[in-house]
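Numbering (the working numbering), first residue to last: 64 to 517.
The structure under discussion appears below in the form of structure tokens.
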Ligand code: NAD
Ligand code: UGA
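Below is the structure:
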């Protein structure tokens, strides 16, 4: 099929590249010339494992290209995905990019000959597709819904494993305006061997929010328990959570073997959930509910627990190393999680801000982040050694595997004080020198050391 994808961010570019990879003819559209050039040169502007390889093959084989021209691209294709950003503005989603993109798509629909289906891929609150998008398309195309199709197909991929997630979906949810719209998108995904759920546009929109809200809830639940363990001598969050995971409702036994969800359970404590989606989507959902007079007691708590995590880590740090002014603090990890260079809404960035506002000098290192946008108060260095040398303490904010696989004996010797605050429990089990004061999260810390509740 001939597919147009509007927006070449994480979702749009991965969608376009993967659809081209399974044989469709795809044109990506972006308003930013550098993004268009990046696709045509098969050099993505962000890191995503496997993406550069797929881009390279599909552009070479002329199944994928990019342009800035929306209308004529839409007119020459069968399906258009809207995958533009829906960022947070005062807690609500900003639909201005979506509206602007839909206007241009409508102009393309005006000129298109055959039946064309527009698909909203961006995350939008329930009622956005069948009002804002539908009305914009009808107004700018001069056509009535039914003459063109409309679907809402939420995306569940994770950054850092976006290609694998897209190619192996747990399910494809297809919200449809009518059966013809849905069946066209069902055909597009025919190669995927997974449940395909056809439903209303609003169910599709709500399912996306339910999915991210559940993940956020599990993480805040784990973080609240971590704090509880810290306040309860003789307990340890890692033990408690590992034991919890053995409940067969979390790790079912199949053919005599336990199928463990591992890190995919989202029941691991840390310094909070970040990224471009979980925080934004929880906020958008709460505001959506408020506008509809529906209380969100649980989601309010989920957001509050999360917002408090970076400050909690600072308190933990100060309880060991004293107050911040004049201290040099190394921060390991800036990305919101390992495997990505994305720092949007990263708890590590919030932590760095709190440290600098508190009077500490911060030296940060992340294997994939060379600088922090719009922040010149933090010194982002290019190695762990440079971050730790002469530091009064180090805080681990992202669980990059590299941090556990290094010579901590040597590194600790270079620090002014070998105090290690592990906000991701990334060094649990790692051999550390006797001199190190190691404080993971989720255990009771006393000046005599931590007491692991095994
Ligand atoms: P992004 O900000 O990385 O990319 C959006 C792209 O759209 C940008 O390149 C921008 O230049 C382009 N754009 C904006 N207006 C345009 C227009 N009128 N025409 C053409 N291009 C235009 O966004 P993203 O992270 O890919 O997210 C896109 C949507 O998908 C959001 O709604 C997000 O919530 C959702 N989502 C994101 C992820 C993720 O992991 N990032 C996962 C699932 C769902
Ligand atoms: C998340 C969802 O997992 C995707 O399904 C969804 O499509 C996407 O949001 C989206 O809508 O954009 P992503 O933002 O890539 O994906 O990140 P996750 O891997 O889910 O991690 C989110 C945050 O939670 C990270 O900061 C991570 O460190 C944290 N986390 C995760 C924990 O603190 N504990 C856990 O047990 C798991």
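For each residue, glycine too, the CB sits at the ideal point set by N, CA and C.
With fewer than 16 neighbouring CB atoms inside 10 Å of its own CB, residue 354 falls in the exposed class. For residue 259, the beta-bridge partners assigned by DSSP are 235. One Cα belongs to residue 495, the other to residue 283, and the distance between them is close to 29 Å. Here the alpha carbons of residue 489 and residue 464 stand approximately 8 Å from one another.
Measuring C-alpha to C-alpha distances from residue 416 to each of 377, 457, 93, 405 identifies 377 as the nearest. Per DSSP, the beta-bridge partners of residue 128 are 90. Taking the Cα of residue 203 as reference, the smallest distance to any Cα among 212, 171, 422 is reached at 171. Within the same chain, and ignoring the five residues on either side of residue 83 in sequence, the residues whose Cβ sits closer than 6 Å to its Cβ are 89, 121, 126, 127. Listed in chain order, the non-local C-beta contacts of residue 454 below 7 Å within the same chain comprise 391, 392, 393, 426, 478, 479, local neighbours out to five positions each way being set aside. Not one heavy atom of ligand 1 sits closer than 6 Å to the Cβ of residue 268. In the structure shown, the three-state DSSP call for residue 221 is coil. With contact defined as three or more Cβ pairs closer than 8 Å, the stretch 102-117 and the stretch 144-158 are not in contact.
Residue 142 is bridged by DSSP to 66, 180. Exclusion of the five residues before and after residue 165 leaves 145, 181, 195, 196, 199, 200, 203 as the residues of its chain whose Cβ lies within less than 8 Å of its Cβ. The Cβ-Cβ distance between residue 332 and residue 492 does not fall below 7 Å. Ligand 2 has a heavy atom closer than 6 Å to the beta-carbon of residue 329.
Between the stretch 285-296 and the stretch 244-263, the count of Cβ pairs shorter than 8 Å is below three; the stretches do not touch.
Excluding its 5 nearest sequence neighbours in each direction, residue 440 has C-beta neighbours in its own chain below 6 Å: 419, listed in chain order. Per DSSP, reduced to three states, the secondary structure at residue 497 is coil, with no helix or strand assignment. Remark: three or more beta-carbon pairs, one from each stretch, lie closer than 8 Å, so the stretch 330-344 and the stretch 398-407 are flagged as touching. Inclusion of residue 482 and residue 456 in the CB contact set at 7 Å is warranted, their separation being smaller than that value. Residue 253 is classed as exposed because its beta carbon has fewer than 16 other beta carbons within 10 Å across all chains shown. Counting every other CB atom within 10 Å of its CB across the protein chains shown gives residue 257 a total below 16, marking it as exposed.
Pairing residue 466 with residue 362 gives a Cβ-Cβ distance that is not under 7 Å. Note on geometry: alpha-carbon atoms of residue 323 and residue 292 lie some 23 Å from one another. Residue range 424-428 is occupied by the beta strand (DSSP E) that includes residue 424. Assignment of residue 447 by DSSP, reduced to helix, strand and coil, places it in the helix class.
Taking non-hydrogen atoms of ligand 1 into account, the C-beta of residue 278 is found less than 6 Å away from none of them. For residue 456, the uninterrupted beta strand (DSSP E) segment begins and ends at 456-459. The criterion of a C-beta distance shorter than 7 Å is satisfied by residue 215 and residue 268. Closest option to residue 105, judged by alpha-carbon separation, among 343, 271, 77: 77. Two segments are said to touch when three or more pairs of C-beta atoms, one from each, lie closer than 8 Å; by this definition the stretch 370-389 does not touch the stretch 429-448. For residue 98, the shortest C-beta to heavy atom distance toward ligand 1 is below 6 Å. Inter-residue distance for residue 233 and residue 193 is about 25 Å (C-alpha atoms, whole angstroms). At a cut-off of 3 residues, the continuous stretches assigned as beta strand (DSSP E) that sit fully inside the stretch 348-413 are 391-395. Taking non-hydrogen atoms of ligand 2 into account, the C-beta of residue 79 is found less than 6 Å away from none of them.
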